[in-house]
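Chains as they are written, first to last, in our numbering: chain A, 68 to 197; chain B, 72 to 306. A short write-up of the structure that comes next.
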Amino acid sequence: MNVLSALGEALVLIGTFFYFLSALGLIRMPDVYNRMQTSTKSATLGSLGVMVGVGLWAVGDGLSWSWFTKSVVIALFLLLTNPISAHALIRAAYKSGIPLWQGSVVDKYREHLEAKEKAETEASKEGGEE
Amino acid sequence: MLKRSLAIITLLIVGYWLAQGLAGVPFGEDKMLVGHYYLQHVKEQTGAVNAVTAIVVNYRGFDTLGEVTVLFIASTGVAALLWRKKRERTAKVEGSVVLTTGAELLFPFIVMFGAYIFIHGHLTPGGGFPGGATIATAFLLLYMAFTIYEIPHKAFEKVEGLAGMSYVLVGLIGLAIGGYFLFDWIWQTWHWGTDNIGRLFSGGFIPIIYTIIGIKVGTELSGIVDNMLKEEVRE
């Protein structure tokens, strides 16, 4: 059973390393979007590592398999919900007008929105003339 | 500036006073008086492994009834304060596709988890109030993701009232059988589940009462959310 424990410990170590990277990204990155990118991705991966690792560690130390089941359920829940919350946060940040980093090159989303708006105003104009 | 510094000084004095009062209380020493009784007798008297829920529902069931009443009054008060003849959701922007799909997918899982919490109140941490709050969170998620979503009002309000009534009813059955209000008749009189303490079908009437409380709290908090998210519509 010691293989399981060692594997779990390694996974927890990897997970905490990714937690550290995500906190570092939060300080290091220039704007909201880059910060969200680094922090959500590595924090999700880090949580997965820590949770699966804790489950394996507990099983390896002679506790029941229900530890592993529960931790995997929590990990799956985080895996499904974290990207959705990150998506909602970033979208809300963009909609409330937070600017991109000045080094950014393209903003395809703004171009798309402007094109859509233009098409809509033209359509309404034509409708008014008729 | 003067106001702020005066407030800080007052708070510091109050904090020092409280710390002085607490400094005489030793930590890490056994100071339990009633606690010993609870810990030693909780299993044979109530059948629950979770001592907290046994105390909250069995030994001090009256307080829980009061808490449920407080929540009910809060929900009724919010409804009475925000009452208008015609009110609707005024949110204009639907959540993105990712958000709506995610909320739809997650909703049954969150409701299931809430039900798990309140059904297992006598075995694991939690109970009726956390479970009900989790279920209300699921409905809040739907409210946040969709602009047109509304809870089925008629059913929800009826279920809420029925749950509250059945809690009192369980207590009254105890009064009829055992002689006092909220008497645990399933455990004390029927001895039902005495040989499987620690499994699902044990714990006297704690699971039943917590299911009732969970349903009540879930519907109540959803109702409060519904009331607060609506705005008046003028025609």
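Quick reminder that beta carbons are idealized off the backbone N, C-alpha and C, glycines included. Note that the structure is predicted; figures quoted are calculated from it, not measured.
Contacts of residue i in chain B (Cβ-Cβ under 9 Å)
i	result
A/Thr148	Gly173 and Leu177
Close beta carbons around residue i, own chain, < 6 Å, minus the five adjacent residues each side
i	result
B/Ala234	Ile283, Ile286 and Lys287
B/Glu303	Arg155 and Arg158
B/Asp297	Ile222
A/Ala160	Val99
B/Leu153	Asn298
B/Val230	Thr290
B/Val113	Ala122 and Ala125
B/Met103	none
B/Gly269	Val120
B/Ser146	Glu291, Gly294 and Ile295
A/Leu71	Leu123, Val126 and Gly127
B/Leu82	none
B/Gly274	Gly118, Ala119 and His193
B/Phe200	Val288
B/Leu136	none
B/Val149	Ile295 and Asn298
Residues bridged to residue i (per DSSP)
i	result
B/Glu138	Bridge partners of B/Glu138: none, in fact.
B/Glu159	B/Glu302
Own chain residues within Cβ distance below 7 Å of residue i, not counting five before or after
i	result
B/Ala216	Gly166, Leu170, Thr171 and Ala174
A/Ile157	Tyr100 and Met103
A/Leu167	Asp98, Tyr100 and Asp174
B/Thr205	Ile181, Phe184, Gly185 and Ile188
A/Lys162	none
A/Ala153	Met103 and Thr107
B/Leu142	Val288 and Glu291
B/Phe210	Ile222, Ser293 and Val296
A/Ala190	none
Partners in chain A for residue i, counting only beta-carbon separations shorter than 9 Å
i	result
B/Ser308	The structure shown does not extend to residue 308 of chain B, since chain B is modelled only from 72 through 306, so no value can be given for it.
Where residue i meets chain B, residues with beta-carbon distance less than 7 Å
i	result
A/Ile151	Val169, Leu170 and Gly173
Cβ-based neighbour list, residue i, same chain, cut-off 8 Å, excluding 5 preceding and 5 following
i	result
A/Leu115	Gly82, Ala142, Leu145 and Leu146
A/Lys137	Gly122
B/Leu243	Phe252
B/Thr218	Arg160, Ala162, Lys163, Val164 and Glu165
B/Gly249	Asp255, Trp256, Gln259 and Thr260
A/Glu197	Note that A/Glu197 scores a pLDDT of 43, beneath 50, so its modelled location is shaky; the value from the coordinates is reported in the next line. Cβ neighbours of A/Glu197 beyond the five flanking positions: none.
B/Gln111	none
B/Phe133	Phe252 and Leu253
A/Phe84	Gly113
A/Tyr176	Tyr161
Rounded distance between the beta-carbons of residue j and residue i, thought under 8 Å
i	j	result
B/Leu292	B/Ala226	Rounded, the Cβ-Cβ distance is 16 Å, inconsistent with contact.
B/Tyr238	B/Ile280	6 Å
B/Asp255	B/Phe272	About 15 Å separates the two Cβ atoms, so there is no contact after all.
A/Val79	A/Trp132	Not confirmed; about 18 Å, so no contact.
A/Tyr86	A/Gly113	4 Å
B/Val127	B/Gly198	7 Å
A/Thr148	B/Leu177	7 Å
A/Val139	A/Val119	6 Å
B/Pro278	B/Ile190	6 Å
A/Ala110	A/Ser89	4 Å
B/Tyr130	B/Tyr109	7 Å
Residue i beta carbon near the ligand ZN (any heavy atom closer than 8 Å)
i	result
B/Phe98	For the structure depicted, the ligand ZN is absent and the ligand set is empty, with no information on it obtainable.
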